[in-house]
Amino acid sequence: GAGVSQSPSNKVTEKGKDVELRCDPISGHTALYWYRQRLGQGLEFLIYFQGNSAPDKSGLPSDRFSAERTGESVSTLTIQRTQQEDSAVYLCADPLWGQTMGIDGYTFGSGTRLTVV
Amino acid sequence: GQNIDQPTEMTATEGAIVQINCTYQTSGFNGLFWYQQHAGEAPTFLSYNVLDGLEEKGRFSSFLSRSKGYSYLLLKELQMKDSASYLCAVRVRPMLTFGGGTRLMVKP
Numbered sequence: 354g355a356g357v358s359q360s361p362s363n364k365v366t367e368k369g370k371d372v373e374l375r376c377d378p379i380s381g382h383t384a385l386y387w388y389r390q391r392l393g394q395g396l397e398f399l400i401y402f403q404g405n406s407a408p409d410k411s412g413l414p415s416d417r418f419s420a421e422r423t424g425e426s427v428s429t430l431t432i433q434r435t436q437q438e439d440s441a442v443y444l445c446a447d448p449l450w451g452q453t454m455g456i457d458g459y460t461f462g463s464g465t466r467l468t469v470v
Numbered sequence: 265g266q267n268i269d270q271p272t273e274m275t276a277t278e279g280a281i282v283q284i285n286c287t288y289q290t291s292g293f294n295g296l297f298w299y300q301q302h303a304g305e306a307p308t309f310l311s312y313n314v315l316d317g318l319e320e321k322g323r324f325s326s327f328l329s330r331s332k333g334y335s336y337l338l339l340k341e342l343q344m345k346d347s348a349s350y351l352c353a354v355r356v357r358p359m360l361t362f363g364g365g366t367r368l369m370v371k372p
């Protein structure tokens, strides 16, 4: 596609339930990032995919968080046994023009606003 | 570790000039980015600096001093639509690490 798509745009879930968030990156781009943004705060890096290389999971806050991506396709971020502190906007990012070291930074999806009640 | 600091909030008047500062201490440096984020929306790219000096793009300019670990974003001729959060981000190969953002309120 022409841009980065995320779904759902909003998700309200009960504490303890599992949720799955989806990101459709720009077609043909090999790099993909997930970030989290709590209300009024900056973006926290979660995980980075680059092609078929092992993902960089250094930002995942706990083992309740996991993400998958096969090749250059859709990525899913899964949060198990959700807690209230997981409430945030989850953003997917794709380097513009597919260049992780390019001068244009990222293009972001519109995010999934997760609320754990 | 990575540390990126910027003021939490700023207020300025329509038509004026405002400078938003960002200081950073990172293990590595491959460029500094500024993003604009309106409430409830995703961040959008504003500017990029990798060498020292000033980059100008219309009403927006961004400055970098690598030796000082310092950048600023300069917004001229402020408009009401410039009310937003401004995020400073440093690329440490190949990730961007973000500051907490500066919320700018433009008043008439």
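Here the protein sequences come in this chain order: A and B.
Per my numbering, the very first residue in the first sequence carries number 354; after that it's consecutive.
Per my numbering, the very first residue in the second sequence carries number 265; after that it's consecutive.
Yeah, the Cβ is synthetic: ideal placement off N, Cα and C, and Gly gets one too.
Flag B:Met274 as yes if its beta-carbon sits less than 7 Å from any beta-carbon of chain A, otherwise no. Within the second sequence, the letter at position 10 stands for residue 274 of chain B. By this cut-off, B:Met274 is not an interface position.
Classify A:Ile379: buried if its beta carbon has 16 or more other beta carbons within 10 angstroms, exposed otherwise. To locate residue 379 of chain A, count along the first sequence from 1; it is residue 26. So A:Ile379 ends up on the buried side.
Report back the beta-carbon spacing between A:Thr435 and A:Lys370 to the nearest angstrom; my notes put them in contact at under 8 Å. Counted from its first residue, the first sequence places residue 435 of chain A at position 82. Counted from its first residue, the first sequence places residue 370 of chain A at position 17. A:Thr435 to A:Lys370, Cβ: 6 Å. Contact.
DSSP on A:Glu373, reduced to helix/strand/coil? Taking the first residue of the first sequence as position 1, residue 373 of chain A is located at position 20. In the structure shown, A:Glu373 sits in a strand (DSSP, three-state: E or B).
For B:Lys345, does the three-state DSSP call read helix, strand or coil? Start at 1 with the first residue of the second sequence, and residue 345 of chain B comes out as number 81. It is helical.
Using a 10 Å radius around the Cβ and a threshold of 16 neighbouring Cβ atoms, would you call A:Val365 buried or exposed? As a first step, residue 365 of chain A must be located in the first sequence, where it is residue number 12. Exposed, by the Cβ-count rule.
Within a Cβ cutoff of 8 Å, which residues of the same chain sit near B:Met274, ignoring the five residues on either side of it in sequence? Residue 274 of chain B sits at position 10 when you count from the first residue of the second sequence. Cβ neighbours of B:Met274 beyond the five flanking positions: Val282, Ile284, Thr366, Arg367, Leu368 and Met369.
Cα-Cα separation between B:Met344 and B:His302, rounded to whole angstroms: For the purposes of this step, residue 344 of chain B is identified with residue 80 of the second sequence, where counting begins at 1. For the purposes of this step, residue 302 of chain B is identified with residue 38 of the second sequence, where counting begins at 1. Each residue's Cα considered, the two are about 12 Å apart.
So what's B:Gln266 in DSSP terms, helix, strand or just coil? To locate residue 266 of chain B, count along the second sequence from 1; it is residue 2. Here B:Gln266 sits in coil by DSSP.
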